[in-house]
Amino acid sequence: MTALKQFLRLEAPGIWREGAEAQRRAVIVSFGDATLVIADDRSARALAHWSLAALVRLNPGKRPALYAPSEEPGEELEIEDTTLIDAIEKVQRAIEARRPHPGRLRGMLTAGAVGLVALGVLLWLPGALTAQAARVAPMAKRTEIGRAVLVDLERATGAAACHSKAGDAALAALAGRLPDTAQIAVLPRGLTGGRRLPGKIVALGRDTIAGPDTPEVAAGAVIEANLAAAGHDPLLDFLRWAGVRSAFSLLVTGELPRDAVSGYGAHLLDTAPPLPPEAALLAAFGAAGVSSTPWAYARDASGESVLSLIEADPFKGRPAPDPVLADEQWVALQGICD
């Protein structure tokens with residue numbers, strides 16, 4: 009070792025004690041072949057050979073330096089010579105640098121693994137937190153958020169939802185007639201078709217009641233909106249849009265941050281859900297007991313061809329088991345925005 013060779017001629021006086029009960033005696037300390045040689049200061053007879061690799065400094069940073077051949081108590085060597093002390097420290101550093109460090113590699117691997125786990129948590133946590141917030145929200149809170157979204161949707165369209173005593177009663181009857189629907193609102197402008205909101209609320213555009221002459225079109229728009237949201241919780245969609253801060257606040261406090269809903273109405277207007285598969289639509293119309301033909305004709309008139317829903321109408325050639333609305337209810341609904 010280069011660091012050792014340059015000190016092979018270096019020697020200095022020291023005080024050596026063979027054991028805890030032994031007398032201290034003057035010695036000459038010099039470098040041997042990877043050892044520290046301790047010799048009698050008069051006869052030069054070697055008294056001990058200490059491995060430089062195993063040498064232990066008993067008082068780091070202090071002078072005179074105290075060394076021991078191992079961690080075991082007993083034998084000690086005291087050196088005052090600064091050159092020899094610095095040489096011993098340099099040689100020990102060189103030996104340590106060349107020694108394999110399996111623990112260091114293990115530490116690096118552990119640190120890397122911890123880093124990967126931390127990165128995974130950072131990537132996974134926001135989505136998991138948002139999903140959990142949507143999962144545990146009670147229906148009352150979902151309805152509250154849905155109504156707040158409806159207000160923001162009104163703000164985005166520039167007009168409040170339509171209301172009249174008879175029209176509101178007709179909307180309540182329509183919601184009660186259709187599966188998984190708690191409330192229906194009609195917006196006078198800015199919205200076409202329907203949008204499913206949190207809390208089983210459906211917002212309808214006026215186009216679903218003003219042009220058609222049968223309530224099946226409005227019912228079809230509600231069925232389509234509900235089916236488009238199947239497998240996509242509207243509250244979860246909202247929380248993903250609102251961000252992890254809103255999800256965290258809802259999960260921890262049960263409340264959303266102020267203005268968390270602001271802007272979501274415009275987002276809903278700009279992102280109409282895709283038309284569900286026709287087979288799923290037919291099944292949904294059949295389960296709701298609603299003919300799909302009027303809604304399909306209305307869709308076709310708007311440029312979206314779903315004529316197969318006419319041919320495969322589950323109630324083609326026979327009436328649905330229950331009317332969607334009574335005639336007077338349908339008339340009241342058609343006039344709700346007047």
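If you're matching positions, the sequence shown starts at 9 in my numbering and goes up one per residue. Every residue, glycine too, gets a C-beta built ideally from N, C-alpha and C.
Assigned secondary structure, residue i (DSSP; H/G/I helix, E/B strand, else coil)
| i | result |
| --- | --- |
| residue 125 | Residue confidence for residue 125 is low, a pLDDT of 40 falling below 50, so the modelled location carries little weight; the figure read from the coordinates is stated next. Residue 125: helix per DSSP, three-state reduction. |
| residue 210 | strand |
| residue 132 | Bear in mind that the predicted position of residue 132 carries a pLDDT of just 45, short of 50, making it unreliable; the figure below should be weighed with that in mind. Correct three-state label for residue 132: helix. |
| residue 344 | coil |
| residue 21 | strand |
| residue 39 | strand |
| residue 78 | coil |
| residue 228 | helix |
| residue 48 | strand |
| residue 240 | coil |
| residue 150 | helix |
| residue 195 | strand |
| residue 71 | coil |
| residue 316 | helix |
| residue 202 | strand |
| residue 84 | strand |
| residue 64 | strand |
| residue 328 | coil |
| residue 248 | helix |
| residue 270 | coil |
| residue 171 | coil |
| residue 32 | strand |
| residue 56 | strand |
| residue 286 | helix |
Span separating the alpha-carbon of residue i from that of residue j
| i | j | result |
| --- | --- | --- |
| residue 180 | residue 266 | 30 angstroms |
| residue 131 | residue 272 | At residue 131, the pLDDT of 43 sits below 50, so the modelled position is not reliable; the number obtained from the coordinates is stated separately. Distance between the alpha carbons of residue 131 and residue 272: 24 angstroms. |
| residue 328 | residue 214 | 24 angstroms |
| residue 66 | residue 98 | 16 angstroms |
| residue 5 | residue 134 | Given that the chain is displayed from residue 9 to residue 346, the structure contains no residue 5 and the question cannot be resolved. |
| residue 149 | residue 248 | 17 angstroms |
| residue 222 | residue 257 | 44 angstroms |
| residue 301 | residue 220 | 12 angstroms |
| residue 1 | residue 51 | Absent from the model: residue 1. The displayed extent of the chain is 9 to 346, so no value can be given. |
| residue 95 | residue 48 | 21 angstroms |
| residue 75 | residue 64 | 6 angstroms |
| residue 285 | residue 145 | 29 angstroms |
| residue 81 | residue 27 | 8 angstroms |
| residue 230 | residue 137 | 30 angstroms |
| residue 246 | residue 104 | 59 angstroms |
| residue 314 | residue 304 | 6 angstroms |
| residue 168 | residue 191 | 16 angstroms |
| residue 292 | residue 250 | 30 angstroms |
| residue 203 | residue 197 | 14 angstroms |
| residue 346 | residue 316 | 34 angstroms |
| residue 280 | residue 201 | 9 angstroms |
| residue 320 | residue 262 | 46 angstroms |
| residue 264 | residue 233 | 25 angstroms |
| residue 78 | residue 62 | 6 angstroms |
Residue i burial status per 10 Å Cβ neighbour count (16 or more: buried)
| i | result |
| --- | --- |
| residue 208 | buried |
| residue 59 | exposed |
| residue 260 | exposed |
| residue 337 | buried |
| residue 253 | exposed |
| residue 189 | buried |
| residue 187 | exposed |
| residue 216 | buried |
| residue 7 | There is simply no residue 7 to check, as the chain begins at 9 and stops at 346 in what is shown. |
| residue 88 | exposed |
| residue 128 | For residue 128, the pLDDT reaches just 39, beneath the cut-off of 50, and the residue's location in the model is therefore unreliable, although a value from the coordinates is still provided. By the 10 Å Cβ count, residue 128 comes out exposed. |
| residue 22 | buried |
Cutoff 8 angstroms: residue i Cβ touching any chain C Cβ
| i | result |
| --- | --- |
| residue 49 | In the structure shown, chain C cannot be found, because there is only a single protein chain. |
Beta-carbon proximity check, residue i vs residue j, cutoff 8 angstroms
| i | j | result |
| --- | --- | --- |
| residue 205 | residue 157 | yes |
| residue 20 | residue 92 | yes |
| residue 347 | residue 276 | Nothing can be reported for residue 347: it is not among the residues displayed for the chain, which extend from 9 to 346. |
| residue 182 | residue 255 | no |
| residue 85 | residue 46 | yes |
| residue 83 | residue 25 | yes |
| residue 339 | residue 224 | no |
| residue 161 | residue 218 | no |
| residue 297 | residue 330 | yes |
| residue 55 | residue 37 | no |
| residue 274 | residue 164 | yes |
*Assess, as a yes-or-no matter, whether the stretch 137-147 is touched by the stretch 159-178 under the definition of 3 or more beta carbon pairs within less than 8 angstroms.*
With the cut-off at 8 angstroms, the stretch 159-178 and the stretch 137-147 do not touch.
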